[in-house]
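A.B. asks: Take a look at this one; I'll ask things after.
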Amino acid sequence: MTIQNRLLIFFLPLVIVPLILVTALSTYQARSALLSAELRSLEFIAQGLENQIVSDYNNLQSLGIATIPFYRDRLFANVLSSPLLGMDSQVNAELHSHDGRQLLSSWHGELVQSRAGTGQIQRINSQGEVFRVLQAQTQLEGIGWILTLSKTMDSVVAPLMVSLVYILFMSSFVILGSVVLTLVLSRRITQPLVSLAQRVEEFGQGNYSIRANEDVAGEVGVLSRQFNSMATTIGLATQQLENQVQERTRALHTSLEELKETQSQLIESEKMAGLGSMVAGFAHELNTPLGVSVTATSLIRDELERTLGILSGGGAVSRKQLLDNLVTIQEGADLVFQNLARSSEMVSRFKMVAVDQHIEEVRELYLPAFIEEIAETLRTILKTSNAKLVIDPVPKVTLVSYPGIIWQILSNLTRNATVHAFPEPSFDWSFGLSVSQNKNTILIRVSDNGKGIDRSIQDRIFEPFFTTDRSKGSTGLGLHIVYNLVSQKLKGSIRVVDKDPPGAEFHLELPLSV
1231 MTIQNRLLIF FLPLVIVPLI LVTALSTYQA RSALLSAELR SLEFIAQGLE NQIVSDYNNL
1291 QSLGIATIPF YRDRLFANVL SSPLLGMDSQ VNAELHSHDG RQLLSSWHGE LVQSRAGTGQ
1351 IQRINSQGEV FRVLQAQTQL EGIGWILTLS KTMDSVVAPL MVSLVYILFM SSFVILGSVV
1411 LTLVLSRRIT QPLVSLAQRV EEFGQGNYSI RANEDVAGEV GVLSRQFNSM ATTIGLATQQ
1471 LENQVQERTR ALHTSLEELK ETQSQLIESE KMAGLGSMVA GFAHELNTPL GVSVTATSLI
1531 RDELERTLGI LSGGGAVSRK QLLDNLVTIQ EGADLVFQNL ARSSEMVSRF KMVAVDQHIE
1591 EVRELYLPAF IEEIAETLRT ILKTSNAKLV IDPVPKVTLV SYPGIIWQIL SNLTRNATVH
1651 AFPEPSFDWS FGLSVSQNKN TILIRVSDNG KGIDRSIQDR IFEPFFTTDR SKGSTGLGLH
1711 IVYNLVSQKL KGSIRVVDKD PPGAEFHLEL PLSV
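In the numbering used here, each residue carries its 1-based index in the sequence shown increased by 1230.
The following block contains the structure:
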């Protein structure tokens, strides 16, 4: 809606409604005042006629005219009617005797019904027409006659209606002139404002090159010049801001790429650290069966050399002695076979875990077998704290995911427990692992009975470089790497939950298929 229309909508009611109310009120007041004045005028005229008629009647009476009262009254009324009949044609006069007989009337047509009294009276003529009149009535003293003067209200109000029509005509002319003048003035005043408003709207929509017309006089011209100055300033500032945003975007993009590269290097370093820890543990574990195998092989060799020495020297070997030597050699061979088989199994598991860690490929994982594969590695990590690994029965579920990443997550959580949850070695420590299946996800619970995590820092443990043991060489990246691997690589979630009795518990929710 334009400003002109708004001005008209607000201006016209403000002018027309008060004008109509004032006209109606003025007309009503003028009508009432006019009727009152006319009624007082009739009363004044009736009083003057009363004095004149009474005086003339007494004069006639003094002449000694004697006749029948009815004819005398009629005669006197005709004689005295000259002042009544000579009045204004709009004023009607009636003269009645004391017994109600009509002696004189200037009304045209017979009155069927009339009312006595003074004021606004309703009358009906012989044609059945109803009309209202102003009526002044007085009784002539000493005669007994009743003089009635009346005037129709239409004849009184008609000039007022003519004046009202004239006033309404003039008012309409004034209103029409006001509307035309308003349109002309509003167009001259508001057209520049509308144009300026349109430019402001375009400027607000991003057209910073738009400018207002400055060749306008008055305040609108000042506004236009100020708008142009503001638009120029904002345009320059916006361009500078866009340049800064582009520069900072490029800088952020470069920083993000560097951060991603650093993160990849950190993850790779964490993998290598885990692999080194696993190799150390594997070497320690492999040393025992190989040592036993070496000892057993040495025993077998000694027994064989001793037996061969006896036989090659020509000595006699009893049956019992030969059987004892063979039994010893057989037991040593069995011991070598068992320990070499155990070493072979350990090498196979190590090989599988190492391959899974370094080859990030999606493959199907049968959870019971997969958890069993990495359990030995987790036990090796926990040996530094003498903690016991407790694994609940794993549901028979097939998971399609990254085995190396899952291994890295669980090994990171295990190493984190050995550093923070178990401050010194103790056989009271335990590290638990349980798996449950939901509809489309699996939930892995990793828990311990160690020191626990203070509630005040639980919301920050996944932040990069946040650690409570920086003095002991911790970098605060272990759980941050775990969080990124779970959320970005595995499309899952990880959170820490309150655990009672003391300890910490992590919930990893992973999709059945990535």
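By construction, the Cβ of each residue, glycine as well, lies at the ideal position given by its N, Cα and C atoms.
(1) To which residues of the same chain is residue 1685 closer than 8 Å at the C-beta, ignoring the five residues directly before and after it?
(2) Looking at residue 1620 and residue 1660, is the spacing between their C-beta atoms short of 8 Å?
(3) Which one of 1722, 1696 and 1562 has the shortest CA to CA distance from residue 1673?
(4) Is it true that the CB of residue 1643 sits closer than 8 Å to the CB of residue 1665?
(5) Write down the C-beta distance between residue 1527 and residue 1566 rounded to the nearest angstrom, noting that I regard them as a contact closer than 8 Å.
(6) Does the stretch 1366-1375 come within contact of the stretch 1270-1277, defined as at least 3 CB pairs closer than 8 Å?
(7) Mind listing, in chain order, the continuous beta strand (DSSP E) runs of no fewer than 3 residues lying wholly within the stretch 1376-1409?
(8) Can you list, in chain order, the residues of its chain whose CB lies under 6 Å from that of residue 1324, leaving out five sequence neighbours each side?
(9) Just how far apart, CA to CA, sit residue 1663 and residue 1610?
(10) Indicate the three-state DSSP secondary structure (helix, strand or coil) for residue 1435 in the structure shown.
(11) Let me know if residue 1549 comes out buried or exposed under the rule of 16 or more other beta-carbons within 10 Å of its beta-carbon.
(12) Note down the Cα distance separating residue 1734 from residue 1596, rounded to an integer number of angstroms.
(13) Does the distance from the CB of residue 1523 to the CB of residue 1630 come in under 8 Å?
(14) Quickly, what does DSSP pair residue 1687 with across the bridge? List them, please.
(15) By the DSSP assignment, the alpha helix (DSSP H) with residue 1676 in it spans what residues?
(16) From the DSSP secondary-structure annotation, give me the bridge partner or partners of residue 1363.
(17) With a Cβ-Cβ cutoff of 8 Å, do residue 1714 and residue 1656 count as a contact?
(18) Going by beta carbon distance, what residues of the same chain come within less than 8 Å of residue 1710, once the five residues before and after it are set aside?
(19) What does a CB cutoff of less than 7 Å around residue 1554 pick up in its chain, not counting 5 residues either side in sequence?
(20) Which residue or residues does DSSP assign as beta-bridge partners of residue 1442?
(21) In or out: residue 1480 buried (at least 16 other Cβ within 10 Å) or exposed?
(22) Give every residue of the same chain whose Cβ lies closer than 7 Å to the Cβ of residue 1605, excluding the five residues on either side of it in the sequence, and list them in chain order.
(23) Apart from the five residues just before and just after residue 1458, which ones in its own chain have a Cβ nearer than 6 Å to its Cβ?
(24) Between residue 1599 and residue 1640, what straight-line distance do the alpha-carbon atoms span, to the nearest angstrom?
(25) Measure the alpha-carbon distance for residue 1613 versus residue 1654 and round it to whole angstroms.
(26) Check this for me: beta carbons of residue 1320 and residue 1271, under 8 Å apart or not?
(27) Could you compute how far the alpha carbon of residue 1591 sits from the alpha carbon of residue 1627?
(28) State the beta-bridge partners of residue 1621 as determined by DSSP.
(29) With DSSP as the reference, identify every bridge partner of residue 1369, one or two as the case may be.
(30) What is the DSSP secondary structure of residue 1455, reduced to helix, strand or coil?
(31) Which residue spans inside the stretch 1598-1645 form an unbroken beta strand (DSSP E) run of at least 3?
(32) Which of the three DSSP states is assigned to residue 1714 in this structure?
(33) Would residue 1671 and residue 1720 be called neighbours here (beta carbons separated by less than 8 Å)?
(34) Does the Cβ-Cβ distance between residue 1678 and residue 1651 come in under 8 Å?
(35) Since residue 1323 is in the beta strand (DSSP E), which residue starts that stretch and which ends it?
(36) Could you tell me whether the Cβ atoms of residue 1732 and residue 1682 are closer together than 8 Å?
C.D. replies: Put simply:
(1) Along the sequence shown, read from residue 1 onward, the residue named residue 1685 stands at position 455. Closer than 8 Å at the Cβ level, and outside the excluded window around residue 1685, lie 1728.
(2) For the purposes of this step, residue 1660 is identified with residue 430 of the sequence shown, where counting begins at 1. For the purposes of this step, residue 1620 is identified with residue 390 of the sequence shown, where counting begins at 1. Contact flag set, yes.
(3) Looking up residue 1673 in the sequence shown gives position 443. The shortest Cα separation from residue 1673 among 1722, 1696 and 1562 belongs to 1722.
(4) Locating residue 1665 in the sequence shown gives position 435, where the first residue counts as 1. Locating residue 1643 in the sequence shown gives position 413, where the first residue counts as 1. Residue 1665 places its beta carbon 8 Å or farther from that of residue 1643.
(5) The residue given as residue 1527 occupies position 297 in the sequence shown. The residue given as residue 1566 occupies position 336 in the sequence shown. Confirmed, about 6 Å.
(6) Judged by pairs of C-beta atoms under 8 Å, the stretch 1366-1375 touches the stretch 1270-1277, as three or more such pairs exist.
(7) 1376-1382
(8) Counting from one through the sequence shown, the residue named residue 1324 turns up at place 94. Once the five neighbours on either side are set aside, the close Cβ partners of residue 1324 are 1335 and 1378.
(9) For the purposes of this step, residue 1663 is taken as the residue at position 433 of the sequence shown. For the purposes of this step, residue 1610 is taken as the residue at position 380 of the sequence shown. So the alpha carbons of these two residues sit roughly 15 Å apart.
(10) By 1-based counting over the sequence shown, the position of residue 1435 is 205. Reduced to three states, the DSSP call for residue 1435 is coil.
(11) The sequence position of residue 1549 within the sequence shown is 319, counting from 1. Looking at its Cβ environment, which holds fewer than 16 other Cβ atoms inside 10 Å, residue 1549 is exposed.
(12) Taking the sequence shown and counting its residues from 1, one reaches residue 1734 at position 504. Taking the sequence shown and counting its residues from 1, one reaches residue 1596 at position 366. Each residue's alpha carbon lies about 27 Å from the other.
(13) Here residue 1523 refers to the residue found at position 293 of the sequence shown. Here residue 1630 refers to the residue found at position 400 of the sequence shown. Their beta carbons are not under 8 Å apart, which means residue 1523 does not touch residue 1630 by this criterion.
(14) Sequence index remark: in the sequence shown, residue 1687 carries index 457 (1-based). Among the bridge pairs identified by DSSP, residue 1687 is matched with none.
(15) Translated into the one-based positions of the sequence shown, residue 1676 becomes position 446. Per DSSP, residue 1676 belongs to no alpha helix (DSSP H); it is in the beta strand (DSSP E), 1671-1678.
(16) Residue 1363 sits at position 133 when you count from the first residue of the sequence shown. In DSSP, residue 1363 forms a bridge with 1351 and 1382.
(17) As a first step, residue 1714 must be located in the sequence shown, where it is residue number 484. As a first step, residue 1656 must be located in the sequence shown, where it is residue number 426. No, the pair does not count as a contact, with Cβ atoms beyond the cut-off.
(18) Numbered from 1 along the sequence shown, position 480 holds the residue referred to as residue 1710. So the qualifying residues of the chain are 1692, 1693, 1694, 1695 and 1696.
(19) The count along the sequence shown starts at 1 and reaches residue 1554 at position 324. There are no such residues.
(20) As a first step, residue 1442 is located in the sequence shown; it is residue number 212 there, counting from the start. Its beta-bridge partners do not exist; DSSP assigns none.
(21) As a first step, residue 1480 must be located in the sequence shown, where it is residue number 250. That one is exposed.
(22) The residue labelled residue 1605 in the question sits at position 375 within the sequence shown. So the qualifying residues of the chain are 1619 and 1621.
(23) Here residue 1458 refers to the residue found at position 228 when the sequence shown is read from its first residue. So the qualifying residues of the chain are 1441 and 1442.
(24) Within the sequence shown, numbered from 1, the residue matching residue 1599 stands at position 369. Within the sequence shown, numbered from 1, the residue matching residue 1640 stands at position 410. Roughly 15 Å between the two C-alpha positions.
(25) Taking the first residue of the sequence shown as 1, we reach residue 1613 at position 383. Taking the first residue of the sequence shown as 1, we reach residue 1654 at position 424. Looking at the two C-alpha atoms, the distance is approximately 11 Å.
(26) Numbered from its first residue, the sequence shown carries residue 1320 at position 90. Numbered from its first residue, the sequence shown carries residue 1271 at position 41. No.
(27) Counting from 1 along the sequence shown, the entry for residue 1591 is found at position 361. Counting from 1 along the sequence shown, the entry for residue 1627 is found at position 397. Those two C-alpha atoms are separated by around 19 Å.
(28) Locating residue 1621 in the sequence shown gives position 391, where the first residue counts as 1. According to DSSP, which records beta bridges pairwise, residue 1621 is partnered with 1663.
(29) Translated into the one-based positions of the sequence shown, residue 1369 becomes position 139. For residue 1369, which the question treats as bridged, DSSP gives the partners 1376.
(30) Locating residue 1455 in the sequence shown gives position 225, where the first residue counts as 1. Helix at residue 1455.
(31) 1618-1621 and 1628-1631
(32) In the sequence shown, counting from the first residue as 1, residue 1714 sits at position 484. Residue state, collapsed to three classes: helix.
(33) Position 441 of the sequence shown, counting from 1, holds the residue named residue 1671. Position 490 of the sequence shown, counting from 1, holds the residue named residue 1720. Contact: no.
(34) Residue numbering aside, residue 1678 sits at position 448 when the sequence shown is read from its first letter. Residue numbering aside, residue 1651 sits at position 421 when the sequence shown is read from its first letter. Yes, the Cβ-Cβ distance between residue 1678 and residue 1651 is below 8 Å.
(35) Stepping through the sequence shown from its first residue, residue 1323 is reached at position 93. 1322-1326 is the extent of the beta strand (DSSP E) around residue 1323.
(36) By one-based count along the sequence shown, residue 1732 stands at place 502. By one-based count along the sequence shown, residue 1682 stands at place 452. Between residue 1732 and residue 1682, the C-beta gap is smaller than 8 Å, which places the two residues in contact.
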